[in-house]
Every structure is written in structure tokens, then in C-alpha cells.
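**Student:** Just dropping this structure here.
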Amino acid sequence: MSDQSQTILEADGRKDSVELESVTIRFAGDSGDGMQLTGTQFTDAAAHLGNDLATLPDFPAEIRAPAGTTAGVSAFQLHFASRDIKTPGDDIDVLVAMNAAALKTNIADLKQGGILLVDEDGFHEKDLEKAGYTSNPLDDDRLKAFRVVKLDISANTVRAVEPSGVKGKNAARCKNFYTLGMMYWLYDRSPSPTQEWIKQKFGKKPEIAQANEFALLAGYNYCDTVELFSTTYKVGKAPQVPGTYRRISGNEAAAMGFVAASVQSGTPLFLGSYPITPASDILQELAALKHFGVRTFQAEDEIAAICAAIGAAFAGNLALTTTSGPGLCLKSEAINLAVMAEIPLVIVDVQRGGPSTGLPTKTEQSDLLQALFGRNGDSPIPVIAAKTPSDCFWAALEAAKVAVEYMTPVIMLSDGYIANGAEPFRIPEISDLPKFEVRHPTDPATFKPYQRNLNGARPWAIPGTPGLEHRIGGLEKSSPSGNISYDPDNHQKMTLERYEKIESVSSVVGKTFVEGSPEGDLLVVSWGGTYGSVSSAVDRVLADGKLKVGHVHLRWINPLPIDLQSVIGRYRKVLVPELNVGQLRLFLSGKFGIPMQGLGKVAGKPFKISELVTAIQKTVGA
Amino acid sequence: MIETNPTLPILTKKDFVSDQQVKWCPGCGDYSILAALQTVLPRQGIARENFAIISGIGCSSRFPYYMDTYGFHTIHGRALAVATGVKAANPGLQVWVITGDGDGLSIGGNHLLHALRRNVDLKVILFNNEIYGLTKGQFSPTSALGIKTKTSPMGSIDQPLSPLSVALSAGVGFAARTVDNDMKHLTSVLEAAAKFKGTAFVEVLQNCVIFNDGVYDPFYAPDTRKINALYLEDGKPLTWANDTKGLFAEGFSIDARDVTDSDRSRVVVHDAKEESGTLAWTLSRFAFPDRPVPLGVFRSVERPTYDELMDGQIRAAQAAKGTGDLAKLLNSGFTWKV
């Protein structure tokens, strides 16, 4: 065994290979089992082979909940295909369950006939008890609908890594690599990129590197030798636009988007933030990019975070604050200060399940009305929602551009699903990025603090400019002097001017883009991170050829595309699916007075394509 | 770094007076603080455009409108947070924060602690009138126990806190106290704050003529100050009441008592540079009528500022990695070609 574990056997034992179009695998285990890492490695291997892919990590709020319990199960789902895909997949083809709790919490999503790989070592009496099983599901016919492959992965791993000198707990810890090796064999992928990665990652701990590598190869070779699976599967290359790609999560993309905005505008980036799940990654990413002149300020609280960003914007920086729902609540007073002072600022809300602390690690789209209206007074703000992980890059750039060109706070909505989910990102050329000009006035003769330009924006005069000393604040201003004014007519005028300024952002928003039928039975209107599922569902319905269904996905929700109402009018019915109980629907029906059907899901998970297909068919038929 | 410019045209108080009518109540202590700052700023050798004055909410926070500098009247309690962003984004500005006992110690207490511990190079003036003025007379976190106000008709049951104890506990480098009705003392303290590199915290005992008039008279009326005020001067013995009373160190405690000729040499000598801050903190606990009220600079110990450390990390990162290259960043990590 020890010899075998260091080389890959010739594939003479290889069984037939079956070609598949797409596969969804979910790795599930205890929080400490390394499932996220296993999933990420498989993702890179899939990317390497030219598959299209989408991933969805699903981890508990607790960092290390008691081992073996259902509360501590961490999972990583990966959908890879030889065609264009937009979601991490509905039901799963393969479930890897490292213990009884992982089986219990994930088995419901495994397709009939799907492959279930379990580590028997996670099914001892204690494990079963912790998972809430009264008897071992591996021992009876409860799992007969699936192709169950059970082996003692832990014991095999410990034996395999023995030559590295790593023993006991540390040896057993390599079992995720053993499992990964098995999956590589099953889906006909070479383990060598992961071997390289291991060498780099654990370079300073050679025996750990060796142990992980032995485990990886042992898992691979075990499948090759033992007749565990009757076939291997091939998933070929997906047609993709030529270019250089990288895997990107929504939070990584957002961080890069803001750096790009800083570079493109020639304005230093300032991030004021307070750690909060699932937004903290953006702060972490940007904290590591100081060589771009990025200033990250980890504040004492959410309020200080946004206030410092407002101060930085006043001083001339491209200012940003990042948070999630509960943090957005705390920031609302300060957002209004930016509305009143007409200061450029981007607020990123990576939405999670609410209300209150809610479901910190689960996704939801239930902050929309808060983003649009959750402040005192009439305080319109542009709101953009990213639609995919890689779109977070473009949404960040656009949000920043609108903020500085219109001198306004802009809310960018993301959500836990696209923030943590990943997909291939075609890396843009710098010349493809939007340029935006930032102008700071310098002429005291013509400067007036609230003199509006064609966009309705006031000038961004920054401290340090001689002769432009002026005061701003949260009290109502008179136009154009910027002095305090309690005059009723002035307040009326200024309120309307602020409103019109935001409406004029519609020139950036552009016209409504319809996918599918340009008119007909049903228009599906979606927003934010549900794009992939909704678009796939509409494609599936259209492929049937029976229904005329169109799909409009809104990126900017305030302002809306100016022709949206007329587009909606071209369909008999409207369906608004969203991960809340009907917030966009309320907004649109309020704006347009058109009755709309809602589909609200608040289960902490994204839509399945299948449930959307059913809803579309039902809505048309009803 | 704030640049001082020796070739700058001589600025005067007039250069710092804005065109806005000052709207505080006649007789309010705020007027003298405004005049003092308008006197101090022109002397700093800093161009007028390099001053920013940031305030929160309250009577005192209208201050920026009356200064012809860059100014930002922000929201309740948050001036320090906004000012932190201003200073971090542009370390070339001298940033002053105007706050009050309600704004800075109640709703904004958290930000005060953290700005002070970080040592952001801000000059903070806390106007302490021991009352909420703008909302018309409710007790504040510095109001005396038992004070009867509209919201404490039977007397306040809130224990007041000492702004300087809070500031010193948070690790502030510069802590001082002055009063609104002693222009000379007020300007000298503000001048010292302006010169200090790092967070400078100045408590100004400020009289509210409408809702808490005369609150400081027992120790700072023209006659009582000679008896009950303790002036802190570096290198000088801590005595008051015409040198008849003094402070003596007795073990871990400080005793305040009559000075006799035989023990005059044992009176504690003030040292604002005393590293540990123990003396400053002890003095900050002094409260009338049990103890005299110390006035002047309690502590003045410099250390690296937050804004210069932040700048330093950016420079170090650029030296190590080169100035950020966007194309390189986008293409970093695991990439593949299609």
C-alpha cells in the first residue's frame, strides 16, 4: 500500500467511461473535516479541464459546533458541466458524507439512483446518537434508492499516510484528500494540480504535505484497484468565450471591483467596515491590498464604519462601507447624512437571513425595502443588486461610478449565496473597464457648494483646496449657497432636486433587457442573486416550446429602467420570484399599479430551478 | 503630515470668521470658545484650507458654521468617527472635533473611547455644561447626582462621569481642562492641544445660561477660582488657595491638605509627561467640593498616531510589492485560458 500511495497506477484497471453533460457533487462533513477545501480543490480541477462551473458553500454559523452534530455540518456543493450553467445545481448526483450527521442533513437532496459515498468511521454508535439516528442507516434498506459506497475512509487514510511519519489524529485529518482522490478517479481528473497545490500550501511542513499527498493518491489508487464503482465519468469542456479565466466568489469580485474603481477614477479607496457575516471577506480582501493605496479602517461598530467612510469621502477619497442586514439597520442614520450632505459613498449589503440576527450564514434577499426606504425623511438612493458572483465586480464598479458622478450614497446589494458562491470569471482587459472622471473644483470665483451640474450633482470640493472653505451637514441646505435653511419652500425644492437627481441615474441604468419571449403569456421579473436559477428555469420552460415566457432581471432597482412598465404591459401575467415574501413585487406593483404574482422563498437557500419551473407553469395555467 | 508654511501670509482672527450669524443664546459660554479657537488657529502657521472642523449634534456642534474653514456638522455622537475618516484619508489636514457632554459621552461614548485609544491625530474640544441644552434641559452624563431637570423631577439618580477619567482610561496622549470664562487659560490650553501630535482631548467647562446657569460658580467665579481651582503647570508644585493648600503623595493615595513651611518641599510637582499617567488620572478624579478642581494640561505624552501608522503601512506595502497593478491583481491566483 505504501508504495502505491506515491505514484498513480497505470489505468489498466479502468472500467468503462460514461460521458455526462453535467454533475453536481456535494461534499459534507464536520466543520473540521476540510470540506470547503476539498470542494475548492475539485472546483479548480474542473476549471482546469474547461468545465463551466458554479459552487455553493454551506457552512454553519458556529465555527466548530460540537463534532458530529447536525449543527456542525459543513458542506460544499459544486456543479460542473460541458455546457453553460448558471447555478450550483438543484438536486445532487453525488453526496460525500463523512459522518452520520452529514448524511442526515443532506440525504434529502440526493437524486434517486445517485452515488452516496460514506466514511464508515463516522457511523459509530456515538456518531449515530449525535446525529439523531436510533439505528445505523447503512445497515438497513433506508438508503436502497441510492448507490451506496461505504468504506472506512479514516482507517484507509491513516494507513496510507503512515510512511510520511504523520500519525493519529493528524493522519486521520488527511481523509478529505483521500476522498478528493476518489472523486478525481471517478470523474477522470488528474490529481496532479492538487499535488502541486499541496506542495505550495504546506511547503513549510513537509511531512504534512507528504501525508496529504499520500492520502490523495491512495484514494485515487484505491478506486483504480478495487471495483468500487462500475464506471468512471467524463464531463467535457464547456463552450466558453475565449479569454483568461479565474474562479471568483462574489466577495472577491466586489473587492476587486472597488480597487478597479479606485484605479479607474484615480481616487484612493477608503473602506470603513465592521466584521459581519457574510460580508467580512471584502474587508479582509481589501486589507491585503494596501499597495493599491487602499485604506481599510476596522471600526468599533457599524456606525463608526460608515461615518469614517463619510469623513473620508468629504476629504476626497472613494469611500466604501460593507455590511450585512443588521449592520445596514445601524447605518441608516449615517446614510441619510450622506444623502443630505450629497457625499459619494458606496454601501455594500451582503444580505443574509433576517430579521434581527436571523440566519447569519444563510442567504436571503429580504433587505430590498430597507435599502430602498429604510431611512427617515424622503431619501432616495440608487440601489444596484449584483446578479452573479462575477457580476459583483461590475456592480461594484458601476456603484462607485454613480456615487461620484451623482454625488450620492449608492447601495449595492449582494447576498450570502453569490458572495460565497464561485464561478469562472473572464478576466477583463483594463481597456474594457469603464473610466470615470472625478472632478474637484478649484476656482473660488465660481464655486458654490450646492450648485448642481447636469446630473443634478453638487461639486465635490475637498479640504485642502484654497478658497473653497465651506460647511456641510445634516441640516437642510439652501441652494446653491449650502447655508442652513429652514425655509419651507426651499425644503420642498431641495427634496425634489434630490429625488430628480436619483431619477436621472436612469441614463446609466439603460433600457430593459428581455431574455426569452419579447411578449406573451408571462414575464418573470427577478433581481439580485436569483438570476442564475430564474434564467435557467425560463430557458427550460422555453425549451419545452409550449409557453411564451420572457425574463427581465433587474440590476438597478432604483431607478428602474424607464421602459420597464411598457415591457411588463406586453405580457398577460407577471411572476416575481424572490428570496423574501414579496418585496420587489410590492415595490413594482406600487410603482406601476399592475397586479403581479409573487413566489417567495425564505428557507435560507437559493431557488431550485425545478421549483421555479413549476411556479412558472402554474402561474401561466392558473 | 500637516505642512506648516513659513511664507504663509499672516492670518488673523478675521480670516476664520464665517459670514454666518452666530445664533447661540446671549451670554452662552460657547462664544468665548469660538473666539479662542479663532485666535489660536491663525497662529499655527497652517494655511486656512488645511483646517477641518467636525462636529456632532448639540448647541456646541453648530460651531463649524461659524468658522471660515472646511467644516462638517454631522450626526449625533458621530463626530469622532467622521473626523477619523477625514484625518485618515487626508493626514495633511489639522482636524478639530467639537462635541459636548451629551454628544461625546452619551450617544457617542463608544467613538470617543476608540478614537482616543487609536490616537488619531485629532484635536477634540468637549464642551461640558452638564446638561442637554439643544433639547431644552434634560440631565446629561456629566450632570450632578440629584440634579432636578425636566426628566429628573425628583433628582437624577445617574452617577456622573468625569470626561477626563474616561479619556485617560482610554489612553489619550493629551488631556486638559479649561473654562469658558478665562480667555487666557482657554487659549493657552487650545494652543497646547494644537501643537500636540496625536489625539488631544480638551474638556471646557462651559456655562449654559439657560438650563444650568452658574453650575461652575462654586469654583470658577472670579472670586471662588482663587480658592478652589488648582492650576496645573509643569514643574510647579500642586498648590492652590494662594499656596496654602497642596497635594501630598501618601503611599498609593494623594492627600490634599494645608501646606506648612516644613512640608512645602514635599508637595507633589506636576509632570504632564509622567509616562504612566497615574498622576493625571488621580487628578481627573478630583471633584468639588471634596477636592479642588484641576485646570490645565493633565497629560501630554506623544506616541505614533493612527493616521501616520496607516500611511506607513501603505508605504511599506508599496515598497515591498510595488505600487498596485490592477491587471496583475485581476490575473492573480489560479487562472486558465479558454
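Note that the protein sequences, when read in sequence, are chains A and B. Residue 606 in our numbering sits at position 606 of the first sequence, and the numbers go up by one each step. For our numbering, add 1000 to where a residue sits in the second sequence, where the first one is 1. Quick reminder that beta carbons are idealized off the backbone N, C-alpha and C, glycines included.
#1: First and last residue of the alpha helix (DSSP H) that includes Ser262 of chain A?
#2: Tell me whether Glu578 of chain A sits in a helix, a strand or coil according to DSSP, three-state version.
#3: Go ahead and pull the three-state DSSP assignment for Arg540 of chain A.
#4: Under 7 angstroms Cβ to Cβ from Gln1138 of chain B, same chain only, skipping five residues before and after it: list those, please.
#5: Would you kindly work out how many angstroms separate the C-alpha atoms of Gly1333 of chain B and Ala1327 of chain B, rounded to a whole number?
#6: Of the choices A:Pro88, A:Phe214, A:Thr179, A:Phe123, whose alpha-carbon is the least far from that of Glu196 of chain A?
#7: Let's see if you can read the secondary structure: which residues bound the beta strand (DSSP E) around Ser22 of chain A?
#8: Per DSSP, Glu1073 of chain B forms a beta bridge with which residues?
#9: Quick one, which residues of the stretch 221–251 of chain A are near chain B if we go by CB-CB under 8 angstroms, in chain order?
#10: Take the Cβ of Ile63 of chain A as the centre, count every other Cβ of all protein chains shown within 10 Å, and call the residue buried at 16 or more, exposed below.
#11: When you compare the stretch 568–582 of chain A with the stretch 526–536 of chain A, are there three or more beta-carbon pairs, one atom per stretch, that lie closer than 8 angstroms?
#12: Just the C-alpha distance for Phe1219 of chain B and Pro1292 of chain B, rounded to the nearest angstrom, thanks.
#13: Just checking, does the stretch 133–143 of chain A make contact with the stretch 153–168 of chain A on the three C-beta pairs under 8 angstroms criterion?
#14: Measure the C-alpha to C-alpha separation of Lys605 of chain A and Thr38 of chain A and round it to an integer number of angstroms.
#15: Have a look at Phe314 of chain A and Pro1091 of chain B and give me their C-alpha separation to the nearest angstrom.
#16: Taking the runs of the alpha helix (DSSP H) that are 4 residues or longer, which of them lie wholly in the stretch 362–423 of chain A?
#17: Taking 8 angstroms as the limit between beta carbons, can you name the residues of its chain near Gln1038 of chain B, skipping five residues before and five after?
#18: Cβ closer than 8 angstroms: which chain B residues qualify as neighbours of His470 of chain A?
#19: Buried or exposed for Lys618 of chain A, please, with buried defined as at least 16 other CB atoms from any protein chain shown within 10 angstroms of its CB.
#20: Are at least three pairs of beta-carbons, each pair with one atom in the stretch 181–191 of chain A and one in the stretch 119–128 of chain A, less than 8 angstroms apart?
#21: Give the straight-line distance between the Cα atoms of Asn490 of chain A and Arg375 of chain A, rounded to the nearest whole angstrom.
#22: Suppose the cutoff is 7 angstroms on Cβ atoms and the five residues either side in sequence are ignored; what does the same chain contact list for Ser536 of chain A look like?
#23: For Gln583 of chain A, collect the residues of the same chain with a Cβ closer than 6 angstroms to its Cβ; drop the 5 residues on either side in sequence, then sort them by chain order.
#24: Could you check which residue in A:Asn420, A:Val505, A:Gly473 has the C-alpha nearest to that of Gly456 of chain A?
#25: Helix, strand or coil, according to DSSP, for Thr1178 of chain B in the structure here?
#26: Going along the chain, which residues of the stretch 1292–1315 of chain B sit with their C-beta nearer than 8 angstroms to a C-beta in chain A?
#27: Which of the three DSSP states, helix, strand or coil, is assigned to Glu1203 of chain B?
#28: Measuring alpha carbon to alpha carbon, tell me which residue in B:Leu1011, B:Val1082, B:Ala1035 is nearest Val1022 of chain B.
#29: Thinking C-beta only, is Gly327 of chain A closer than 7 angstroms to Arg352 of chain A?
#30: Of all Cβ atoms in chain A, is any one closer than 7 angstroms to the Cβ of Leu1326 of chain B?
#31: Would Asn51 of chain A count as contacting chain B if we go by Cβ distances under 7 angstroms?
#32: So which residues on chain A does Lys1092 of chain B lean against when the C-beta distance must stay under 8 angstroms?
#33: Given a cut-off of 7 angstroms, decide if Arg147 of chain A and Gln115 of chain A are closer than it, judged by their beta-carbon atoms.
#34: For a contact defined as C-beta to C-beta under 7 angstroms, what are the partners of Gly272 of chain A on chain B?
#35: What separation, rounded to the nearest whole angstrom, lies between the Cα atoms of Phe229 of chain A and Gln41 of chain A?
#36: Mark Phe80 of chain A as exposed unless 16 or more other C-beta atoms lie within 10 angstroms of its C-beta, in which case mark it buried.
**Tutor:** Looking at the atomic coordinates:
#1: 250–265
#2: Glu578 of chain A falls in the strand class under three-state DSSP.
#3: helix
#4: Tyr1132, Thr1149, Lys1150, Thr1151, listed in sequence order.
#5: About 12 angstroms.
#6: Nearest C-alpha to Glu196 of chain A: A:Phe214.
#7: 22–30
#8: The residue you asked about is not Glu; residue 1073 of chain B is His in the sequence shown. Paired residue(s): A:Gly473, B:Ser1055.
#9: Going along the stretch 221–251 of chain A in chain order, one finds Gln240, Val241, Pro242, Gly243, Thr244, Tyr245, Arg246, Arg247 with a Cβ nearer than 8 angstroms to chain B.
#10: With fewer than 16 other Cβ atoms within 10 Å, it is exposed.
#11: yes
#12: Linking Phe1219 of chain B to Pro1292 of chain B through their CA atoms gives a straight-line distance of about 8 angstroms.
#13: no
#14: 21 angstroms
#15: 13 angstroms
#16: 368–373, 391–406, 416–420
#17: Lys1013, Phe1016, Val1017, Met1067
#18: Tyr1070, Gly1071
#19: exposed
#20: no
#21: The alpha-carbon atoms of Asn490 of chain A and Arg375 of chain A are separated by roughly 21 angstroms.
#22: Once the five neighbours on either side are set aside, the close Cβ partners of Ser536 of chain A are Lys86, Thr87, Ile609.
#23: Leu368, Leu369
#24: A:Val505
#25: strand
#26: Met1310, Gln1313, Ile1314
#27: strand
#28: B:Ala1035
#29: No.
#30: yes
#31: No, its Cβ sits nowhere closer than 7 angstroms to a Cβ of chain B.
#32: As written in the sequence, residue 1092 of chain B is Gly, which differs from the Lys given in the question. Using a Cβ-Cβ cut-off of 8 angstroms, Gly1092 of chain B is close to Gly464 of chain A, given in chain order.
#33: This sequence places Ile at residue 115 of chain A; Gln is not what is there. The answer is yes: Cβ separation under 7 angstroms.
#34: Residues of chain B with a Cβ closer than 7 angstroms to the Cβ of Gly272 of chain A are, in chain order, Gly1085.
#35: 22 angstroms
#36: buried
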